[in-house]
Structures are given as C-alpha cells and as structure tokens.
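The opening residue of the sequence shown carries number 26 in our numbering; numbering runs sequentially from there. Every residue, glycine too, gets a C-beta built ideally from N, C-alpha and C.
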Amino acid sequence: MRKVRVCTYALLACVCFFLNLNCERTLLPVDSSKKIDYEQADTKARVTLKVFDLHSNAPISGAQVNIIGVDSALTDSKGTVIFDSIKPGDYIITCSKAGFEEIYDQLSLTLDPNSNTVPIVNQSSDGYLMAKKGVVVRGNIYYEKDEKYLQAKGAIIECMLISPTGQMFQNPLRTTTSTNGTFIFTALPEHVDYQITVRPFSDGNFSYTFDTLIITGKSAGDTVRSEDIILKETPDGVFLVMSHNIRTFTVSDPIVLEFSEAVDTSKLSKDSSITVVKRPSQRILIQTQWQNGNKKLVIKPFDGTWSYRDTLSLSLKGFFSITGKQLGNSNKLPINFRPIKSGALGNVMNIIALDADRDTFVNHNTNSILLNWSSLANASNYQIYHKRPDDLSWIFLMSVNDTFTSFNVPNGSFNLGKEIKYIVIGENSTTTSPLNAANAITVNDKMPPRINSTTSNVFNFDNTFGSTSILIDLPLTTFPEPMDTTKKPVLDVIEGNNGESSSGDPAYKLPKTNSIWMWTAQNSGRWSVIVDMGKDGSYDTLKVNFAGLTDFAGNKVDTTNGAGIVTYLTRP
C-alpha cells in the first residue's frame with residue numbers, strides 16, 4: 026500500500042519579511058511616577074518564499090505554494106512567490122509541482138518579545154528544496170538453500186525513503202517480487218537514500234530473512250541497480266509467522282496468520298494457546314480454524330463481528346511445528362490493535378491540550394500533557410507530531426488508537442512564554458488525513474496567575490512630628506510565576522479603615538501620585554508609599570489591584586471570587 030509521502034527537506038532559502046507598521050501611541054509603564062510615550066505597532070508581514078531544486082539549486086518556477094487557509098500562488102521564473110499582509114501566527118505551507126516530491130512545513134510569524142520600542146516580526150530562515158521524481162531502483166532477491174541460490178518468488182519488499190537531513194518519509198513503499206525474484210520501484214525522488222527491507226519469506230518448508238540494505242539514490246531518469254539480496258534460512262529450532270493481517274483486518278474479517286511450517290495442533294491447549302483479549306483484560310470468545318495443512322490460522326469472534334471500540338491483543342503460546350521447532354517470532358506481532366477502517370479521512374478537529382496532572386489549562390510549570398480531539402468515524406488510529414522551539418520540522422511523537430493520550434514534556438517547556446505545537450493525523454488502512462489542511466494546536470501557558478485577596482496591618486505611618494517626608498515599603502508581593510514587568514498594579518487610597526475614619530488625620534490621605542511600584546524580580550514586587558512631613562497617614566486603607574497584570578505568556582490575573590486585590594490597613 027502506497028501512502029502519502031511527506032518530507033521536509035533541508036533549508037536553503039530565507040523567508041524575508043518586510044513590515045507595514047500602523048503605529049499608535051501607548052504608554053510604557055516604568056518603575057517611577059513618570060510616564061514615557063513610545064510607538065506600539067500593529068504589524069503585518071510581507072512574506073517572500075523561494076523554492077529551489079534539491080540537486081541543482083536552480084529556482085523552480087510554476088510551483089504551487091499554499092499558505093493553508095490564507096492564500097496560494099505560483100512561483101515566478103526566479104522561484105519566488107510573495108504574500109502581502111500576513112498576520113503573525115502559525116501556518117501550514119505546502120509546495121507542489123508535477124514531477125517533484127510534494128513538501129509540507131509550518132511557517133511561524135511571531136513578534137519579537139525582546140523589542141522594547143517598535144515591535145517587529147521575528148525573521149525566519151524557512152525555505153524550500155524540492156526533489157525531482159523519476160529514479161528507478163531494481164534488483165533480484167534469492168534465498169540460499171542447500172548451498173544454492175534460488176529465486177525468491179513472491180517475496181514482499183519495502184522501500185523507506187530517507188531525506189538528506191536524515192528525516193524519514195512517513196510510510197514505506199511496498200512491492201512483490203516477480204516469478205524470477207525481480208523487484209522494481211519507480212518514480213522515486215532523486216538524491217535521497219532508499220532503505221530496503223524484506224519481510225520473512227518461505228519456500229513452503231523453511232523460512233528466510235534478510236537485514237536492511239541502504240541504497241544511495243541518483244538523478245531522475247537513472248536506474249539504480251541494487252546488489253543481489255540473499256535471504257538466509259532462519260536458525261535451526263524455530264519456525265516463523267510469515268504474514269498476518271492484524272493491521273489491516275476489518276470488523277467483519279477474521280484474523281489470519283500464516284506460518285513457515287505446519288503447526289502441530291495436537292500440542293495446543295484448548296483454553297490457553299490462542300487467546301484474544303480486549304482491554305482491560307477481558308478475554309473474547311473466539312472460533313479458530315486451521316487451513317492449508319495447518320500452515321494458516323483463521324480466528325473469528327464467536328458472533329462473527331469485531332468491535333471498532335475494542336483494543337485487542339493476541340497471544341500464541343505452546344506453538345510447535347510438526348518437526349518439533351518452536352515459534353520464533355510471535356513477540357514481533359503488534360501488541361495492541363483494532364479492526365481497521367477505510368475510506369477518505371477528514372481533518373482531526375477540536376484538539377485540546379490540558380495539564381494531565383491537574384486536569385486544568387496548561388500552566389507555566391506543566392510537565393505532563395493530556396491531548397484529546399474529536400473522533401474521525403473511519404480512522405483506526407492517530408499519528409501525533411510535535412514541533413518544539415528548536416525544531417525546524419515536524420517530528421513524529423507517537424501513534425495511538427484512541428482520541429486522547431497523555432505524555433510527559435521536559436521541565437520548563439512552557440515557562441517564560443515557551444510553547445510546543447502539535448498536529449494529529451487520522452489514519453486508516455487506505456489513507457491518512459490530508460496533511461495540507463491539518464490543524465496545528467499551539468500549546469502554551471494559559472493558566473491565569475492567582476493572587477489571593479488578603480488584608481493585613483502595616484505600621485509607622487504617623488509622621489506628625491517628622492521633619493521630612495518618609496518612604497515606607499509595603500510587604501513584598503510574590504507571584505506564582507514570572508510576570509510581565511512592563512505592567513504594574515493599581516493603588517487606591519481610602520481615608521479611614523475599620524470604622525476608624527476619625528482616627529489619624531481625617532483631613533490627610535496618603536498621596537497616590539508619590540507612590541512607586543518596584544519589580545524586585547520577575548515574580549515579585551512591592552509598593553512604596555510616601556507620608557508627607559508633619560502628616561499622619563495612619564488609619565488609611567491601601568488597596569492594591571493586580572487585575573491589570575499578566576504573566577509572561579499574557580494571561581491576566583485571576584480575579585474570580587474577589588481574588589487579585591490585596592488590602593493594607595495603615596497604623597501608627
């Protein structure tokens with residue numbers, strides 16, 4: 026089965042961004058009573074992409090470049106395409122042309138967090154190299170028996186394509202040898218490596234295997250002659266499962282296994298030799314039938330139909346051939362599997378990421394992720410890819426057969442505004458979800474920081490007999506995570522507290538304009554207030570409102586149930 030082949034090739038050409046800045050005036054909070062104006066830009070990018078030939082580095086004209094959901098265009102004679110007014114964000118890019126291998130990648134446009142004046146879009150070095158198709162690989166497969174080399178008719182060969190950067194294509198190509206043991210693969214991309222493997226082969230009596238062979242590709246139009254592949258007989262004392270349909274059977278199909286030698290069924294236990302179990306540890310009632318002289322085992326559920334919802338496992342115990350050999354590779358069978366589904370697949374939708382340990386939004390210190398998504402009716406399993414800040418391409422993470430999974434991420438993955446992107450691709454026996462329209466989710470800190478509301482007394486605010494004004498530091502406020510230190514909380518001063526408005530100096534209220542907020546670290550700060558000379562600032566109420574603050578990821582402070590306000594009652 027030939028599935029969609031995807032390769033993100035090595036990067037060559039730069040993606041250039043020319044900014045259109047529509048500026049407006051805003052205020053930059055600073056740690057003083059002064060305010061400084063600066064220009065804040067509403068930025069969009071003019072994106073220029075260049076596409077080159079992988080081998081010759083010549084520009085490729087007429088290539089279809091598509092920013093999924095935004096725009097598409099053909100490259101010009103210089104291999105260039107320009108998109109105007111692209112907003113910052115994450116985009117899936119596809120690049121295709123007849124005769125070339127199609128390319129998929131992601132383009133990220135982000136604002137530079139280190140810009141303290143006019144924000145700019147971070148520059149990107151993404152570009153594209155496309156490989157021509159047209160290489161042919163052919164060769165012969167033999168098996169060695171009685172010191173003779175015999176043509177391996179009907180052997181199954183797989184060809185895995187490997188990009189120059191070491192990234193593998195998603196799925197292998199597969200073919201079968203002809204009557205004289207010849208195999209051929211056509212329309213392969215040029216100047217990549219081809220990894221050739223052969224599935225276990227049987228001549229009807231014995232089984233034969235082969236290790237992996239790497240072939241270096243040439244130019245399109247060339248034919249690469251593989252060295253002869255010699256299959257060796259498996260070691261004495263074992264026989265093999267030669268083929269199975271565990272990854273391809275449907276709800277109405279039996280599970281079928283074929284063995285290299287006839288099985289001695291008299292040695293099988295009626296109750297425990299062949300079992301099919303669904304999670305969690307529930308044994309299914311099955312019917313078994315032996316065919317082809319006990320070389321083929323057919324397994325059906327008792328009522329004739331498997332369930333799509335069941336995750337199954339198959340156990341084969343106590344298997345011996347009629348010549349007394351033990352079964353040598355039953356441990357190579359898939360551990361968990363489901364009946365497959367077929368037909369066209371849509372996009373995986375409604376992908377949600379949560380903190381797996383807390384069952385909440387992802388926080389700055391999250392180290393375990395729970396992903397879940399909407400089910401595709403005819404998907405048998407799902408492939409998950411991720412792209413971390415240092416990754417230039419999407420990296421395969423895992424394959425699951427449910428609509429949720431959890432996994433650990435390194436400590437600090439979401440601290441200080443960091444993020445990880447994920448794509449979920451549906452898969453069944455005939456196809457995968459369309460990669461050129463896959464939905465990517467960006468996972469970052471989305472948990473609002475919470476400052477619990479408290480009330481406390483603060484002292485030494487009577488400066489009635491003072492000869493100068495005094496500066497009093499309020500207690501340090503510590504935040505649960507790094508905060509955006511360009512913002513500051515709001516201070517409100519109320520005359521009187523606890524019904525003691527007549528105490529202190531009712532005619533004097535602590536001046537807000539002379540109060541200063543100081544960030545002492547990314548996760549701590551305090552207010553300092555001034556009591557004027559000869560004034561009594563006792564019995565005023567100071568309310569500090571943190572609602573306008575955000576953490577490093579941009580989440581505003583949680584104000585539910587009255588949180589986010591700290592109250593200080595001044596005392597002499």
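Task: Neighbourhood of R308 by C-beta distance below 7 Å, restricted to the same chain and skipping five residues each side - done: T300 and V302
Open item on the list: Just to confirm before moving on: does the CB-CB distance between I111 and N91 stay below 8 Å?
Closed with: no
Open item on the list: Quick check on DSSP: helix, strand or coil for P144?
Closed with: Bear in mind that a pLDDT of 44 at P144, under 50, signals an unreliable position, so the number given afterwards is only what the model happens to contain. Residue state, collapsed to three classes: coil.
- [ ] Label D296 either buried or exposed according to how many other C-beta atoms from any shown protein chain fall within 10 Å of its C-beta, with 16 as the threshold for buried.
- [x] exposed
Open item on the list: Taking the beta carbon of I420 as the centre, do at least 16 other beta carbons fall within 10 Å, making it buried, or is it exposed?
Closed with: exposed
Open item on the list: Given a cut-off of 8 Å on the beta-carbon distance, is the pair W398 and N426 in contact?
Closed with: no
Open item on the list: Using the Cβ count rule (16 or more neighbours within 10 Å means buried), how would you classify M558?
Closed with: exposed
Open item on the list: Cutting at 6 Å between CB atoms, please list the residues of its own chain near S133, excluding the five before and the five after it.
Closed with: D115
Task: Residue span of the beta strand (DSSP E) that contains L175, given as start and end - done: K173 to Q176
Task: Spatial distance of I324 from Q312 (CA atoms) - done: 6 Å
Open item on the list: Report the CB separation of V387 from L379 in whole angstroms; it is logged as a contact under 8 Å.
Closed with: 7 Å
Task: beta strand (DSSP E) segment containing R199, residue limits - done: L198 to T201
Open item on the list: Taking the beta carbon of N522 as the centre, do at least 16 other beta carbons fall within 10 Å, making it buried, or is it exposed?
Closed with: buried
Task: Separation of D289 from N319, as counted between CA atoms - done: 8 Å
- [ ] Could you pull the start and end residues of the beta strand (DSSP E) that K534 belongs to?
- [x] Note, K534: premise wrong, no beta strand (DSSP E); not H, not E.
- [ ] Report all residues from its chain with a CB closer than 8 Å to the CB of S424; omit the five preceding and five following residues, and keep chain order.
- [x] N406, Y407, Q408, I409 and E452
TODO: Would you tell me roughly how many angstroms separate the C-alpha atoms of G573 and D509, rounded to the nearest one?
DONE: 10 Å
Open item on the list: Rounded to whole angstroms, what is the Cα-Cα separation between I128 and C120?
Closed with: 5 Å
TODO: Evaluate N580 with the Cβ neighbour count: other Cβ atoms within 10 Å of its Cβ, from every protein chain shown; 16 or more gives buried, anything less gives exposed.
DONE: buried
Open item on the list: Alpha carbons only, please: which of G562, D517 and P507 is nearest the one belonging to A532?
Closed with: G562
Open item on the list: Relative to the C-alpha of I394, which candidate in G343, K157, N433 and Q89 has its C-alpha closest?
Closed with: N433
Task: Distance, Y447 Cα to P54 Cα - done: Unreliable placement is indicated for P54, whose pLDDT of 36 sits below 50; no coordinate value is reported for it.
TODO: Over the uninterrupted beta strand (DSSP E) stretch that includes K325, give me the two end residues.
DONE: K321 to P326
Open item on the list: According to DSSP, is L441 part of a helix, a strand, or is it coil?
Closed with: helix
Open item on the list: Looking at the secondary structure, which residues open and close the beta strand (DSSP E) in which E169 lies?
Closed with: K158 to K170
Open item on the list: What residue range does the beta strand (DSSP E) around H411 cover?
Closed with: N406 to K412
Task: Neighbourhood of P598 by C-beta, 7 Å cutoff - its chain only, sequence neighbours within 5 removed - done: Not covered by the structure: residue 598. The range shown for the chain is 26 to 597.
Open item on the list: Tell me the residue span of the beta strand (DSSP E) that contains V554.
Closed with: S549 to V556
Open item on the list: Can you check which of these residues, N469, N372 and L358, is closest to K412 by C-alpha distance?
Closed with: N469
Open item on the list: For E258 and I466, what's the separation of their Cα atoms in angstroms?
Closed with: 49 Å
Task: Y233 versus A180: straight-line alpha-carbon distance, rounded - done: 10 Å
Task: Helix, strand or coil at T480 [DSSP, three-state] - done: strand
Open item on the list: Using the three-state DSSP reduction, which class does L256 fall into: helix, strand or coil?
Closed with: strand
Open item on the list: What does the alpha-carbon distance come out to for the pair I476 and D335?
Closed with: 46 Å
- [ ] Return the chain-ordered ranges of every beta strand (DSSP E) run that is complete within the segment 368-422 and spans a minimum of 3 residues.
- [x] 377-380, 393-397 and 406-412
Task: N205, DSSP secondary structure in three states - done: coil
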